[in-house]
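In mature numbering (1 follows the signal peptide of the UniProt record, and there is no 0), the protein residues as written are -24 to -1, 1 to 327.
We treat Cβ as the ideally placed atom computed from N, Cα and C, and that holds for glycine.
Note that this is a predicted model, so its numbers are computed, not measured.
Heads up: the structure comes next, in structure tokens.
As structure tokens, this is what we get:
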């Protein structure tokens, strides 16, 4: 089954209400590649585990339930597309006592529109024991950059990954580009609870291949700061809780926030030097920007371009700054770097 959303043609696999107590395991999503060529398929694994090392490990320990989770992709335009309708499981159809131990659910999506995409698996479960009940709200995020040339160099200036997409629960928000990060960089991640910074809370950063973990505390702005490690997958997790309760339903709330990112070596380069004004995309499609030029590092277009493609009642005349004019019209603007002889590109999203 497929759902279309803007330029998205997505197929998915998701979930996240675990069949074990909320304190036992965390769920996370991870992409198979941080950068994908336009129109190609990006796969997203939905994982369940990290029971060992005081829940700061990358070890798999079970499978997710599909009952109480929705999975979304937030597009470069800031639109949230529900991709929960299609799921596939990598295990055998006929399960035995080992079902879920080394198997998982997987989702996939594809888009022709370049930019930053955020995947979020969002679960809502209530776990009951003899005397008390606890609600668990989960946010499991991962990230994909889509570009005409699938290189970190091309997408390294994308900013859209810092959008807040699960504002009704705890959420980890990267303050760096997770699709183009390399080793030995100082980076920050912000922990939010209901879209507000959460201070003095433990956050673990876990390397996949070794399951080694750094345990950090958020500052007054909900930030953790750390140095990126060697090329590998990394899982970030936090699990704050509150005494929020609803009589007859639950006595507390556990907020589970995870995100993954992939550190790349970043050594691949393309020779050559681009020349000329950048290509312009509007809502994922290349458009002819007549008269486009670059003056002192600022991309300029005729005001008629803004009226035709961004804001019909734009009042400017003559040459106007492309980015400033588009952002004033409340469009979202991103930039793809020049790579080799391929010119830079300005990405404008109005919807």
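- When Cβ pairs closer than 8 Å are counted between the two stretches, the segment 186 to 204 is seen not to touch the segment 241 to 253, the count staying below three.
- Below 8 Å, too few C-beta pairs join the segment 114 to 127 and the segment 289 to 303 to call them touching: fewer than three.
- Per DSSP, the unbroken alpha helix (DSSP H) holding residue 281 starts and ends at 279 to 285.
- Between the beta-carbon of residue 312 and that of residue 131 there is about 6 Å, and that keeps the pair under the 8 Å contact cut.
- Rounded to the nearest whole angstrom, the CA to CA distance from residue 324 to residue 276 is 14 Å.
- The segment 133 to 153 and the segment 258 to 269 do not touch, with fewer than 3 CB-CB distances between them shorter than 8 Å.
- Beyond the five residues adjoining it in sequence on each side, residue 15 comes within less than 7 Å, by CB distance, of 86 and 88 in the same chain, given in chain order.
- For residue 303, the enclosing alpha helix (DSSP H) has its first and last residue at 298 to 304.
- When the five nearest sequence neighbours on each side are left out, the beta carbons in the same chain lying within less than 8 Å of the beta carbon of residue 305 are those of 282, 286, 287, 290 and 326, in order along the chain.
- Within the DSSP bridge table, the entry for residue 22 names 5 and 81 as partners.
- If you draw a straight line from the Cα of residue 81 to the Cα of residue 21, it comes to about 6 Å.
- A straight-line Cα-Cα distance of about 17 Å links residue 13 and residue 322.
- Per the Cβ contact rule, the segment 91 to 111 is not in contact with the segment 175 to 186 (fewer than 3 Cβ pairs under 8 Å).
- In the three-state DSSP reduction, residue 138 falls in the helix class (H, G or I).
- When only Cα atoms are considered, residue 9 and residue 92 end up about 13 Å apart.
- Ranked by Cα distance from residue 50, the options 43, 63, 61 and 97 are led by 97.
- Cβ contact annotation for residue 270 (same chain, cutoff 8 Å, sequence separation greater than five): 253, 254 and 276, in chain order.
- Selection 137, 173 and 168 evaluated against residue 157 yields 137 as nearest (Cα-Cα).
- In this structure, the straight-line span from the alpha carbon of residue 295 to that of residue 4 is close to 47 Å.
- Taking C-alpha positions only, residue 191 is separated from residue 222 by approximately 32 Å.
- Among the bridge pairs identified by DSSP, residue 106 is matched with none.
- For residue 225, there is no enclosing alpha helix (DSSP H), as DSSP marks it with neither H nor E.
- Nearest C-alpha to residue 57 among 64, 47, 63 and 66: 47.
- Rounded to whole angstroms, the gap between the alpha carbons of residue 144 and residue 211 is 22 Å.
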